[in-house]
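Sequence order for the protein chains is A and B.
Counting from 397, one number per residue, gives the positions in the first sequence under this note's numbering.
Counting from 2, one number per residue, gives the positions in the second sequence under this note's numbering.
Ideal Cβ placement from N, Cα and C applies to all residues, glycine included.
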Amino acid sequence: MNRKFKNMFRAAVLGTGLICGSVVMTAQAHPLWVLPGEFVVSGDESSWVTFDVSASHTVFGYDKGVGLQNVQVFSPDGDRNPLGSFFKGHRRSVFDLLLDQDGTYKVFAQRPKFYFTSYKAGNRDTDKRMWADKVEAAERLPENARDVKTMQIDMSSVAYVTRNAPSDSVFQPTGKGFELRPVTHPNDIVQGEEAVLEALLNGKPVAGVSVEITPGGTRYRNERNSIEITTDSNGRIEFTPGQAGPWLLSADYSMPSQSPLADTVEAIRFITFEVIPE
Amino acid sequence: MRKKILATLLAMAVSGTVQAQTVTVELQLPAISSSQYKRPYVAVWVEKQGERRALSTLAVWYEDKKWLKDIRRWWRKAGRYDTDVDAVTGATRAPGTYTLDWQTENLPQGDYLICLEAVREHGNRTLLKQLVTVGEGAKEYRIAAGDELGPVSIKVGE
Numbered sequence: 397m398n399r400k401f402k403n404m405f406r407a408a409v410l411g412t413g414l415i416c417g418s419v420v421m422t423a424q425a426h427p428l429w430v431l432p433g434e435f436v437v438s439g440d441e442s443s444w445v446t447f448d449v450s451a452s453h454t455v456f457g458y459d460k461g462v463g464l465q466n467v468q469v470f471s472p473d474g475d476r477n478p479l480g481s482f483f484k485g486h487r488r489s490v491f492d493l494l495l496d497q498d499g500t501y502k503v504f505a506q507r508p509k510f511y512f513t514s515y516k517a518g519n520r521d522t523d524k525r526m527w528a529d530k531v532e533a534a535e536r537l538p539e540n541a542r543d544v545k546t547m548q549i550d551m552s553s554v555a556y557v558t559r560n561a562p563s564d565s566v567f568q569p570t571g572k573g574f575e576l577r578p579v580t581h582p583n584d585i586v587q588g589e590e591a592v593l594e595a596l597l598n599g600k601p602v603a604g605v606s607v608e609i610t611p612g613g614t615r616y617r618n619e620r621n622s623i624e625i626t627t628d629s630n631g632r633i634e635f636t637p638g639q640a641g642p643w644l645l646s647a648d649y650s651m652p653s654q655s656p657l658a659d660t661v662e663a664i665r666f667i668t669f670e671v672i673p674e
Numbered sequence: 002m003r004k005k006i007l008a009t010l011l012a013m014a015v016s017g018t019v020q021a022q023t024v025t026v027e028l029q030l031p032a033i034s035s036s037q038y039k040r041p042y043v044a045v046w047v048e049k050q051g052e053r054r055a056l057s058t059l060a061v062w063y064e065d066k067k068w069l070k071d072i073r074r075w076w077r078k079a080g081r082y083d084t085d086v087d088a089v090t091g092a093t094r095a096p097g098t099y100t101l102d103w104q105t106e107n108l109p110q111g112d113y114l115i116c117l118e119a120v121r122e123h124g125n126r127t128l129l130k131q132l133v134t135v136g137e138g139a140k141e142y143r144i145a146a147g148d149e150l151g152p153v154s155i156k157v158g159e
């Protein structure tokens with residue numbers, strides 16, 4: 397599993413040639429997304445919702461199937477819910493989830509953490525890289541390696557679905573690391589109305605985080621139409637989606653690593669949400 | 002605290018509350034010729050602008066709660082909170098003209114948003130809105146028809 401992710405990541409990075417730094421690096425990783433068939437369900441009976449999971453650069457185009465052992469479902473009452481039927485294909489994975497409580501569920505998918513070391517070598521300062529953590533890289537690096545940097549990639553993706561009245565218990569941050577906290581309920585985002593989201597580092601709002609928000613269906617238009625925005629001094633972004641449909645939000649944050657295995661941690665967070673027409 | 006109460010009382014005295022005014026909403030469900038025709042799900046409700054939740058639901062016509070969420074705006078503003086709706090729910094209606102009354106008793110004078118939403122399986126969704134002023138005597142409003150709703154007439158009584 398881990399290796400497969402690495403391979404997929406490697407293909408993406410090496411395919412593009414030059415790597416200048418972490419920004420380019422993380423930007424090359426395939427965005428991971430979780431797309432429910434319905435974000436909102438109603439009724440007195442339990443409802444099944446179907447989910448697609450894939451990793452791709454086109455927004456909601458299927459590219460890489462993802463292992464579902466790294467999907468966790470948090471229900472409104474705080475319990476973990478098991479998945480229903482599931483399937484992992486080459487280009488996407490699919491699972492069913494039974495919503496048997498009223499309120500908002502959080503569906504969380506994660507890539508296993510992996511490491512990437514970049515350095516310069518040779519008389520011409522050629523950029524080089526290897527899939528190795530800091531300890532591993534130290535053994536394999538050539539003697540004249542310079543500007544050695546090792547990063548740990550920490551990528552996860554979330555979707556929120558609600559049965560009947562919405563709740564906010566699943567928004568509670570853990571207070572550890574880089575997290576996104578919905579301020580506007582993600583199932584209440586309306587075309588032409590402002591929505592708000594907060595970025596947190598160890599539970600405190602963090603300014604200057606770059607966020608990109610893209611409407612689905614990029615394959616069928618020439619412009620990506622992303623909203624690019626940075627968190628303000630309160631750690632918040634405010635944005636007004638101009639079109640209805642499913643959207644993908646991503647936020648990247650680079651921080652020093654606490655581990656001897658890396659210099660930095662590149663945290664990449666995704667949220668899938670739907671924008672509803674007025 | 003006393004100051005606050007006084008201020009509130011003053012504000013009420015200035016703005017006034019509305020004494021038992023009746024707002025009548027007359028709507029039409031158009032006859033639609035389609036081999037896939039099913040009666041639409043319809044909701045009529047009142048919002049106070051700037052407030053998240055609807056003030057009052059006047060009618061909801063549906064068959065299966067599973068699809069109530071498709072009356073999207075009503076579901077978001079009122080239906081999902083399931084407050085005082087049972088009294089105004091009913092089965093879906095055939096094409097025709099229907100009249101609903103809204104009693105404004107004890108409401109502050111001011112503007113209220115009357116919303117009508119109709120959504121039909123294999124058909125369209127129509128959302129109509131009209132801001133009406135209550136507490137300033139009789140008024141009349143008209144909303145132009147949409148795909149799933151005919152023209153609407155709203156009368157604010159004396």
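Report the three-state DSSP secondary structure of B/N107 (helix, strand or coil). The answer is coil: DSSP assigns B/N107 none of H, G, I, E or B.
Whole angstroms is fine: what's the gap from B/L120's alpha carbon to B/L150's? According to the sequence provided, residue 120 of chain B is Val. The question's Leu does not apply to it. Computed Cα separation, rounded: 9 Å.
Just the C-alpha distance for A/F666 and B/K67, rounded to the nearest angstrom, thanks. Computed Cα separation, rounded: 29 Å.
Closest by CA to B/A139, which one among B/K130, B/Q110, B/R126? Among B/K130, B/Q110, B/R126, the Cα nearest to that of B/A139 belongs to B/Q110.
For B/W76, return the contacting residues in chain A, with the cut-off set at a CB-CB distance below 9 Å. Going along chain A in sequence order, the residues near B/W76 (Cβ under 9 Å) are V436, S438.
On the DSSP letters alone, give me the boundaries of the alpha helix (DSSP H) that B/E159 sits inside. First-last for B/E159: undefined, no H or E at that position.
Assuming A/N431 contacts A/P562 under a Cβ cut-off of 8 Å, what Cβ separation, rounded to an integer in Å, is found between them? Correcting the residue identity first, residue 431 of chain A is Leu in this sequence and not Asn. That pair is no contact at about 19 Å.
Under three-state DSSP, which class holds B/Y63? Note: B/Y63 maps to coil in three-state DSSP.
I need the DSSP call for A/N466, collapsed to helix, strand or coil. Secondary structure at A/N466: helix, using DSSP grouped into helix, strand and coil.
Just verifying my parser: in three-state terms, what is the DSSP assignment at A/W643? The DSSP-derived three-state label of A/W643 is strand.
Along chain B, in chain order, which residues have C-beta atoms closer than 8 Å to that of A/E702? Lying before the first or after the last residue shown, residue 702 of chain A is absent from chain A, which here runs from 397 to 674.
Do A/N560 and B/R81 have their beta-carbon atoms positioned less than 8 Å apart in this structure? Taking 8 Å as the Cβ cut-off, B/R81 and A/N560 qualify as a contacting pair.
For A/L576 versus A/L593, is the C-beta distance shorter than 8 Å? Contact flag set, yes.
For B/I33, which beta-bridge partners are listed by DSSP? B/I33 has no beta-bridge partner at all, per DSSP.
Can you tell me which residues form a DSSP beta bridge with B/Y1? Because chain B in this structure spans residues 2 to 159, residue 1 of chain B falls outside the shown range and cannot be described.
Checking contacts by CB at 8 Å: is B/Y42 closer than that to chain A? No, B/Y42 does not count as interfacial toward chain A.
Mark B/H123 as exposed unless 16 or more other C-beta atoms lie within 10 angstroms of its C-beta, in which case mark it buried. Answer is exposed; the Cβ neighbour count stays below 16.
Find out if the Cβ-Cβ distance for the pair A/A425, A/N466 is shorter than 8 Å. No Cβ-Cβ contact shorter than 8 Å links A/A425 with A/N466.
Please confirm if B/K39 has its CB atom under 8 Å from at least one CB of chain A. Chain A, which has no Cβ nearer than 8 Å to the Cβ of B/K39, makes this no.
In chain order, what residues of the segment 535 to 560 of chain A put their CB closer than 7 Å to some CB of chain B? Cβ contacts with chain B: N560.
For A/A423, I'd like the list of residues in its chain whose CB is within less than 7 Å of its CB, leaving aside the five on either flank, ordered along the chain. Bear in mind that a pLDDT of 47 at A/A423, under 50, signals an unreliable position, so the number given afterwards is only what the model happens to contain. Taken in chain order, the list of residues that qualify is empty.
Return no unless some Cβ of chain A is closer than 8 Å to the Cβ of B/R81. With a threshold of 8 Å between beta carbons, B/R81 makes contact with chain A.
Rounded straight-line distance, which links the Cα of A/P611 to that of A/A528: A/A528 and A/P611 have their alpha carbons spaced roughly 35 Å apart.
Element boundaries [alpha helix (DSSP H), containing A/R632]: In the DSSP annotation of this structure, A/R632 is not part of any alpha helix (DSSP H); the continuous beta strand (DSSP E) holding it starts and ends at 632 to 635.
Boundaries (first-last residue) of the beta strand (DSSP E) holding A/V671: Its beta strand (DSSP E) spans residues 660 to 671.
With 16 as the cutoff for other CB atoms within 10 Å, does A/D496 come out buried or exposed? With fewer than 16 Cβ atoms within 10 Å of its Cβ, A/D496 is classed as exposed.
Tell me whether A/E539 is buried or exposed, calling it buried when 16 or more other Cβ atoms sit within 10 Å of its Cβ. With a threshold of 16 other beta carbon atoms within 10 Å, A/E539 falls short and is exposed.
What is the DSSP secondary structure of B/E141, reduced to helix, strand or coil? In the three-state reduction of the DSSP assignment, B/E141 falls in the strand class.
For a cutoff of 8 Å on Cβ pairs, would you count A/D492 as touching chain B? No, A/D492 lies away from the interface with chain B (no Cβ there is under 8 Å from its Cβ).
Bridge partners for A/S443 per DSSP, in chain order? A/L495.
Interface flag, B/L69 vs chain A, CB-CB below 8 Å: Taking 8 Å as the threshold, the shortest C-beta distance from B/L69 to chain A falls below it.
From B/L128 to B/S34, what distance separates their C-alpha atoms? Counting only the Cα atoms, B/S34 lies some 20 Å from B/L128.
Could you name each continuous beta strand (DSSP E) segment of 3 residues or more that falls completely within the segment 499 to 527 of chain A, going from the start of the chain to the end? The DSSP assignment places complete beta strand (DSSP E) segments of no fewer than 3 residues inside the segment 499 to 527 of chain A at 499 to 506, 510 to 517, 522 to 526, in order along the chain.
A/A534, enclosing alpha helix (DSSP H) - first and last residue: Residue range 530 to 536 is occupied by the alpha helix (DSSP H) that includes A/A534.
A/S676 versus A/Q468: straight-line alpha-carbon distance, rounded: The structure shown has nothing for residue 676 of chain A, since chain A only spans 397 to 674.
A/V445 beta carbon less than 8 Å from that of A/V455: Not closer than 8 Å, so no.
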